[in-house]
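One point on numbering: in the UniProt record's numbering, the residue at position 125 of the sequence shown is 125, and numbering is uninterrupted.
Worksheet: the structure to be examined is printed underneath.
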Amino acid sequence: MVVVKAAATKQAGAKYGIAFSRKTPDSPLMIRTIRDESPFAGKGLEPGMIVTKVNGEEMTWLGPRDAAKVLQKAQVGATMQVEAATLFKAAGKKPKRKTKCGIWLKNSTKVPGLFISQINGDSIFAGSSLETGMKVIQLNGTSCHDDMKFHEALELLKKASGQVEIVAADTPYKGKMKGASGGIPGLSPLSDSEDELDRKPLLDRLFPMLVDL
1 MVVVKAAATK QAGAKYGIAF SRKTPDSPLM IRTIRDESPF AGKGLEPGMI
51 VTKVNGEEMT WLGPRDAAKV LQKAQVGATM QVEAATLFKA AGKKPKRKTK
101 CGIWLKNSTK VPGLFISQIN GDSIFAGSSL ETGMKVIQLN GTSCHDDMKF
151 HEALELLKKA SGQVEIVAAD TPYKGKMKGA SGGIPGLSPL SDSEDELDRK
201 PLLDRLFPML VDL
């Protein structure tokens, strides 16, 4: 499942019928419940999904009250939108601290956060639910806020031994690697000639800072 964008028209006196929560103040914002009578019901949102935006405002690391305030600000008759994504958890065994995890992470020049740009065939995460283009939410229980740099993630994984766990969220850029076009902010689709001249993956151009972990 890619990111879900659920829209609803704000009615006078009507309740939203959607509740947000987070496990700790350092956890991402999630959908807790959606009532049957909610204007957002039946539109792809599900409890447990991470809330990425509300009415276009970034919400991943904000609180339930912040999301509620954004909905309250909307004028009657206006379209409200909740954007949310499915979370994926994957664990791999790292026998020694010096063992590489075989996963490439990058920061974006256009989008806040830390993203998976490549998973090697011999990676401890190969064959897991993780995919390129996903946004990293947690590394071994440490929250990866939008201002986390790739070298900070490197230190976390370098120190890890035994089981290594990554929690990541779907994004519109999932799977957007070499030869793909569209879906990534700030990039126009490639023509055949451009693809011949520049064979770097699209994510390499969007996320120039990388590290092989």
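Every residue gets a Cβ at the ideal spot worked out from N, C-alpha and C, and that includes glycine.
| Query | Result |
| --- | --- |
| Helix, strand or coil, according to DSSP, for residue 72 in the structure here? | helix |
| Near residue 124, what residues of its chain come up, given a Cβ to Cβ distance below 7 Å and the 5 sequence neighbours on each side ignored? | 92, 93, 94, 101, 102 and 164 |
| Look at the alpha carbon of residue 107 and the alpha carbon of residue 150, and state the distance between them as a whole number of angstroms. | 6 Å |
| Have a look at residue 120 and residue 39 and give me their C-alpha separation to the nearest angstrom. | 43 Å |
| Since residue 171 and residue 85 should fall inside the 8 Å C-beta cutoff, what is the C-beta to C-beta distance between them, to a whole number of angstroms? | 7 Å |
| In the DSSP assignment, what residue or residues form a beta bridge with residue 92? | 164 |
| How should residue 47 be labelled, buried or exposed, when 16 other C-beta atoms within 10 angstroms of its C-beta is the threshold for buried? | exposed |
| Going by alpha carbons, who is nearest to residue 99 out of 6, 168 and 160? | 160 |
| Under three-state DSSP, which class holds residue 67? | helix |
| Determine the extent of the alpha helix (DSSP H) in which residue 150 is found, giving its start and end residues. | 150-159 |
| What runs of the beta strand (DSSP E), each 3 residues or longer, lie entirely inside the stretch 78-122? | 79-85, 87-94, 103-107 and 114-119 |
| With a threshold of 16 other CB atoms inside 10 Å of the CB of residue 117, please say whether the residue is buried or exposed. | buried |
| Going along the chain, which residues of its own chain have a beta-carbon closer than 8 Å to the beta-carbon of residue 9, five neighbours each way excluded? | 39, 77, 78, 79 and 80 |
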